[in-house]
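J.: Residue numbers (our numbering): 960 to 1301.
One structure follows; several queries about it will come next.
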Ligand code: 5AD
Ligand code: SF4
Ligand code: FES
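See below:
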């Protein structure tokens, strides 16, 4: 086992069998996390990039079984922010120091091309990098967002098990999701993807495939988070993922993609009070604090136990900065684009 970890640290390559071996056995987790931390330090350094997350609409036309925003969930109060409100939130986030803003929503067609382009153009004037996380669109739309000023795009594959994907995301096509990710790459976006850990019927083998997929497409950003069962969804009685397994998948991902940007995900902190700090010490180099204002945070309920729902953007910025400096790291003051090592 130690040999496999050493190989990953040196060569950044593992076979699927080797990944499975690491995932299966927990006796060397400490060594794994330490190796990932060393690789993180060697390739992306001690700075942590903060991305300000604006959750601008919780309306979604999709029906993913795991997600609280699914269209059939009648138990949440829906909202959508007007373009000028989104721009105002972006300005405030810029003022408190963010250099990257992530615009995230359900798949909400209210934000047509004109509206999205207006939002992107206005926010781009603030001198920030813009990341979109708004789901599956056409290549034409992706191209137009890019021309308007979008820099990056997040589209998690969620799971690379096609049959399970299509069961969990009814009406969605796995092949189309892959197509979207490839198109985003061709258009010159920095592309982020990622997966959920602990989905029903997900195996260790399948998680190994997820990691191989990140490597194969050379993802620029990879978000790995535990699946947390949501009481308002059909998966309410499922067990969900563990913090430890999510952390392992994240750490192996760092070993194999040494210069990528990997967030300490918010869902990890839901399962462990020190979750983001532990993740930052096990391979992660990014955090994505919420910069949505007012009562909207509570309503953007992908899963229960979401952190920071009663906090303000300024408070979260201070909180996470304190945590980062307490472990001898520092907050970066630039865009934090991926810098490829070769
Ligand atoms: N638990 C954890 N993460 C979830 N997401 C959706 N539902 C859940 C859940 N119940 C994640 C998905 C999506 C991201 C925005 O939120 O991976 O890509
Ligand atoms: Fe919609 Fe995304 Fe939730 Fe699926 S995971 S229901 S696409 S917000
Ligand atoms: Fe929001 Fe700590 S990051 S309260």
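Note that beta-carbon positions come from the ideal geometry of N, C-alpha and C, so glycine has one too.
Please read these numbers as outputs of a predicted model, since none were measured by experiment.
Pull up the DSSP beta-bridge partners for residue 1152, would you.
T.: Residue mapping note: residue 1152 aligns to position 193 of the chain shown, counting from 1. Residue 1152 pairs with 1181.
J.: Would you mind reading off the limits of the beta strand (DSSP E) that contains residue 1014?
T.: For the purposes of this step, residue 1014 is taken as the residue at position 55 of the chain shown. Residue 1014 -> beta strand (DSSP E) spans 1011-1016.
J.: Quick test of your reading: residue 1250 and residue 1015, contact by CB under 8 angstroms. State the CB separation rounded to the nearest angstrom.
T.: Taking the first residue of the chain shown as 1, we reach residue 1250 at position 291. Taking the first residue of the chain shown as 1, we reach residue 1015 at position 56. Not confirmed; about 11 angstroms, so no contact.
J.: Apart from the five residues just before and just after residue 1008, which ones in its own chain have a Cβ nearer than 6 angstroms to its Cβ?
T.: By 1-based counting over the chain shown, the position of residue 1008 is 49. 1245, 1291, 1295, listed in sequence order.
J.: Could you tell me which uninterrupted alpha helix (DSSP H) segments, each at least 4 residues in length, are contained entirely in the region 1195-1263, listed from first to last along the chain?
T.: The region 1195-1263 contains these whole alpha helix (DSSP H) runs: 1202-1215, 1225-1230, 1234-1239, 1255-1258.
J.: With a threshold of 16 other CB atoms inside 10 Å of the CB of residue 1174, please say whether the residue is buried or exposed.
T.: The count along the chain shown starts at 1 and reaches residue 1174 at position 215. By the 10 Å Cβ count, residue 1174 comes out buried.
J.: Which partner residues of residue 912 appear in the DSSP bridge assignment?
T.: Only positions 960 to 1301 of the chain appear in this structure, which leaves residue 912 out of reach.
J.: Using CA coordinates, which residue listed in 973, 1123, 1001 is at the minimum distance from residue 1300?
T.: Start at 1 with the first residue of the chain shown, and residue 1300 comes out as number 341. Measuring from the Cα of residue 1300, the nearest candidate turns out to be 1001.
J.: Mind checking whether the beta-carbon of residue 1222 lies closer than 8 angstroms to any heavy atom of ligand 3?
T.: Residue numbering aside, residue 1222 sits at position 263 when the chain shown is read from its first letter. No, Cβ of residue 1222 sits at least 8 angstroms from all heavy atoms of ligand 3.
J.: Grouping DSSP H, G and I as helix and E and B as strand, with all else coil, what is residue 1274?
T.: Counting from one through the chain shown, the residue named residue 1274 turns up at place 315. Note: residue 1274 maps to helix in three-state DSSP.
J.: Could you say if the region 1157-1170 and the region 1121-1134 meet the contact criterion of at least three C-beta pairs nearer than 8 angstroms?
T.: With a cut-off of 8 angstroms, the region 1121-1134 and the region 1157-1170 count as touching, because enough Cβ pairs lie within range.
J.: Report yes if the C-beta distance between residue 973 and residue 1236 is below 9 angstroms; otherwise report no.
T.: Residue 973 sits at position 14 when you count from the first residue of the chain shown. Residue 1236 sits at position 277 when you count from the first residue of the chain shown. Cβ distance not < 9 angstroms, so residue 973 and residue 1236 don't count as in contact.
J.: Using 8 angstroms as the cut-off, classify the Cβ of residue 1052 as near or not near the heavy atoms of ligand 1, replying yes or no.
T.: Here residue 1052 refers to the residue found at position 93 of the chain shown. No, Cβ of residue 1052 sits at least 8 angstroms from all heavy atoms of ligand 1.
J.: Assuming residue 1113 is part of the alpha helix (DSSP H), what are its boundary residues?
T.: Within the chain shown, the letter at position 154 stands for residue 1113. Residue 1113 -> not in any alpha helix (DSSP H); beta strand (DSSP E) instead, spanning 1111-1113.
J.: Going by DSSP in three states, residue 1039 sits in which element: helix, strand or coil?
T.: Numbered from 1 along the chain shown, position 80 holds the residue referred to as residue 1039. Three-state result, residue 1039: strand.
J.: DSSP puts residue 1103 in a beta bridge; with which residues?
T.: The sequence position of residue 1103 within the chain shown is 144, counting from 1. Paired residue(s): none; residue 1103 is not in a bridge.
J.: What residues in its chain sit with their C-beta under 6 angstroms from that of residue 1088, if we drop five residues either side in the sequence?
T.: Numbered from 1 along the chain shown, position 129 holds the residue referred to as residue 1088. Cβ neighbours of residue 1088 beyond the five flanking positions: 1059, 1110, 1294.
J.: For residue 961, does the count of other Cβ atoms within 10 angstroms reach 16, so buried, or fall short, so exposed?
T.: Indexing the chain shown from 1 puts residue 961 at position 2. The residue is exposed, with fewer than 16 neighbouring Cβ atoms inside 10 Å.
J.: Express the C-alpha separation of residue 1156 and residue 1028 in angstroms, rounding to a whole number.
T.: Position 69 of the chain shown holds residue 1028. Position 197 of the chain shown holds residue 1156. Rounded to the nearest angstrom, the two C-alpha atoms are 19 angstroms apart.
J.: Would you mind giving the Cβ-Cβ distance between residue 1185 and residue 1199, rounded to the nearest angstrom? I have them listed as a contact below 8 angstroms.
T.: Locating residue 1185 in the chain shown gives position 226, counting from the first residue. Locating residue 1199 in the chain shown gives position 240, counting from the first residue. Their Cβ separation, rounded to whole angstroms, is 6 angstroms, which keeps residue 1185 and residue 1199 in contact under 8 angstroms.
J.: Of the choices 1297, 1214, 1254, 1284, whose alpha-carbon is the least far from that of residue 997?
T.: As a working note, residue 997 is residue 38 in the chain shown. If we check each option's Cα against that of residue 997, 1214 comes out closest.
J.: Can you grab the Cα-Cα spacing for the pair residue 1100 / residue 1076, in whole Å?
T.: Translated into the one-based positions of the chain shown, residue 1100 becomes position 141. Translated into the one-based positions of the chain shown, residue 1076 becomes position 117. Using only the alpha carbons, I get a separation of about 10 angstroms.
J.: Is there contact here, the region 1052-1068 with the region 1083-1097, by at least three beta-carbon pairs under 8 angstroms?
T.: Enough Cβ pairs lie closer than 8 angstroms, so yes.
J.: How about the region 967-981 and the region 1262-1269: do they share at least three Cβ pairs that are nearer than 8 angstroms?
T.: No, the region 967-981 does not touch the region 1262-1269.
J.: Residue 1038 to residue 1252, Cα distance in whole Å?
T.: If you number the chain shown from 1, residue 1038 lands on position 79. If you number the chain shown from 1, residue 1252 lands on position 293. One C-alpha to the other measures close to 13 angstroms.
J.: The alpha helix (DSSP H) spanning residue 1123 covers which residue range?
T.: Mapped onto the chain shown, residue 1123 falls at position 164. Where residue 1123 is concerned, the enclosing alpha helix (DSSP H) stretches over 1121-1127.
J.: In terms of DSSP beta bridges, what is residue 1117 paired with?
T.: In the chain shown, counting from the first residue as 1, residue 1117 sits at position 158. For residue 1117, which the question treats as bridged, DSSP gives the partners 1154.
J.: Please report the straight-line C-alpha distance between residue 1170 and residue 1208, rounded to a whole angstrom.
T.: Reading the chain shown from its first residue, position 211 is the one you call residue 1170. Reading the chain shown from its first residue, position 249 is the one you call residue 1208. Residue 1170 and residue 1208: Cα-Cα distance of roughly 7 angstroms.
J.: Can you say whether residue 1130 is buried or exposed, counting buried as having 16 or more other CB atoms within 10 angstroms of its CB?
T.: Taking the chain shown and counting its residues from 1, one reaches residue 1130 at position 171. With fewer than 16 other Cβ atoms within 10 Å, it is exposed.
J.: Residue 1020: buried (16+ other C-beta within 10 angstroms of its C-beta) or exposed?
T.: Within the chain shown, numbered from 1, the residue matching residue 1020 stands at position 61. That one is exposed.
J.: To which residues does DSSP link residue 1006 through a beta bridge?
T.: Within the chain shown, the letter at position 47 stands for residue 1006. Answer is 1289.
J.: Between residue 1189 and residue 1177, what straight-line distance do the alpha-carbon atoms span, to the nearest angstrom?
T.: The residue you call residue 1189 lines up with position 230 of the chain shown. The residue you call residue 1177 lines up with position 218 of the chain shown. Taking the straight line joining both Cα atoms gives about 31 angstroms.
J.: Could you check how far apart the C-beta atoms of residue 1127 and residue 1024 are, in whole angstroms? I think they sit under 8 angstroms.
T.: Taking the chain shown and counting its residues from 1, one reaches residue 1127 at position 168. Taking the chain shown and counting its residues from 1, one reaches residue 1024 at position 65. Going by Cβ atoms, the distance from residue 1127 to residue 1024 rounds to 5 angstroms, so yes, they are a contact pair.
J.: Compare the Cα-Cα distances from residue 1285 to each of 1142, 1239, 1187 and report the closest residue.
T.: On the chain shown, position 326 is the one that residue 1285 refers to. Cα-wise, what sits closest to residue 1285 is 1239.
J.: Identify, in the order they occur along the chain, each residue of the same chain with its Cβ nearer than 8 angstroms to the Cβ of residue 1192, setting aside the five sequence neighbours on each side.
T.: For the purposes of this step, residue 1192 is taken as residue 233 along the chain shown, with counting starting at 1. Around residue 1192: 1024, 1025, 1026, 1027, 1029, 1032.
J.: In chain order, what residues have a CB nearer than 7 angstroms to some heavy atom of ligand 3?
T.: My final list is 1248, 1249, 1266, 1267, 1270, 1274, 1275, 1278, 1279.
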